[in-house]
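Below you'll find the structure, written out as structure tokens, and then a few comments.
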Amino acid sequence: MIVGFISFLFQDKPRYSKAAFVSLAILGTTSGMGIALVAAVWAWHLLTCKRYAGFSRKIMMIFGAVFVGVFMFFILSQLSFFNLAIQRVFGSVDGYNAIWGRTLYWDMYITSLTGSDLIFGLGYTALPDIYFTGLMRFIYCYGIVGTALFYLSTFSIFLFTRGFSRCLIFVFSGILLIANLTGFITMIFYFCLAFAGFITNSVPNKFTTAQSDIE
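Counting in our numbering, the sequence shown runs from 1 upward without gaps.
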């Protein structure tokens, strides 16, 4: 769902109606993380959209986005499902919240790593059968070195792409901090979509160069 949502916004001609529909669907899941993700993607789009180019326009968009955000928060706070979503993230439901659930095993498994185990990791064969976020899984299995190399590769994609690919790899890297998307098929899926940005950027340049050579 999040891939479709990003693709609707980061096109040459954004499809705002479809993006709004998907946004409402994500809000309807009452997931606090989903609500935060929707807000972050919309903010990213407004700040990077070409039609809002120029310093003064961006300042106006920032103030407008803050105003709309505060207004929407006030309206949504009157709804029980929104309050439940916020409580699931920051509050306590039966002694549990989303942040606690995603950091429960950090002190138990990650901070106890030392020496070569912390630097190079323990590998997948030593992975315990518990829930790790993507970041925790990388550190535990690949260590600091492997985790740094992974985020270096995602930063390279972010640096040399734009639009859909740039936003997708940014969101994917961020989601790994709070969720587990480290499955082989999932990783291949996201990286293939992100790497498509390299092709999008390079093909027009080669075409332009070839055309200029002919002329």
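Note that CB positions come from ideal geometry on N, CA and C, so glycine has one too.
Please work out which residues of its chain come closer than 6 angstroms, Cβ to Cβ, to residue i, disregarding the five sequence neighbours upstream and downstream, and give them in chain order.
{"i": "S23", "result": "V38"}
{"i": "A40", "result": "none"}
{"i": "V68", "result": "none"}
{"i": "R166", "result": "F158"}
Evaluate residue i with the Cβ neighbour count: other Cβ atoms within 10 Å of its Cβ, from every protein chain shown; 16 or more gives buried, anything less gives exposed.
{"i": "C192", "result": "exposed"}
{"i": "F8", "result": "buried"}
{"i": "T147", "result": "buried"}
{"i": "F207", "result": "Interpretation of F207 is limited by its pLDDT of 42, a score under 50 that renders its predicted location unreliable; the figure taken from the coordinates is listed afterwards. Exposed, by the Cβ-count rule."}
{"i": "G121", "result": "buried"}
{"i": "Y142", "result": "buried"}
{"i": "F73", "result": "exposed"}
{"i": "V171", "result": "buried"}
{"i": "T161", "result": "buried"}
{"i": "Y190", "result": "buried"}
{"i": "A210", "result": "Here the model assigns A210 a pLDDT of 44, short of 50, so the residue's position is not dependable and the matter cannot be decided."}
Give every residue of the same chain whose Cβ lies closer than 8 angstroms to the Cβ of residue i, excluding the five residues on either side of it in the sequence, and list them in chain order.
{"i": "L177", "result": "T133, G134, L135"}
{"i": "N205", "result": "With a pLDDT of only 49 at N205, under the threshold of 50, the placement of this residue in the model should not be trusted; the figure read from the coordinates follows. Correct list: empty, nothing qualifies."}
{"i": "I185", "result": "none"}
{"i": "R137", "result": "L127, N180, T182"}
{"i": "E215", "result": "Note on E215: pLDDT 46, under 50, position unreliable in the model; no value is reported."}
Is residue i near residue j, with beta carbons less than 7 angstroms apart?
{"i": "A196", "j": "L168", "result": "no"}
{"i": "I110", "j": "I139", "result": "yes"}
{"i": "L46", "j": "I35", "result": "no"}
{"i": "F5", "j": "G163", "result": "no"}
Give every residue of the same chain whose Cβ lies closer than 7 angstroms to the Cβ of residue i, excluding the five residues on either side of it in the sequence, and list them in chain order.
{"i": "S173", "result": "Y151, T154"}
{"i": "L159", "result": "none"}
{"i": "I119", "result": "G143, I144, V145"}
{"i": "R15", "result": "F8"}
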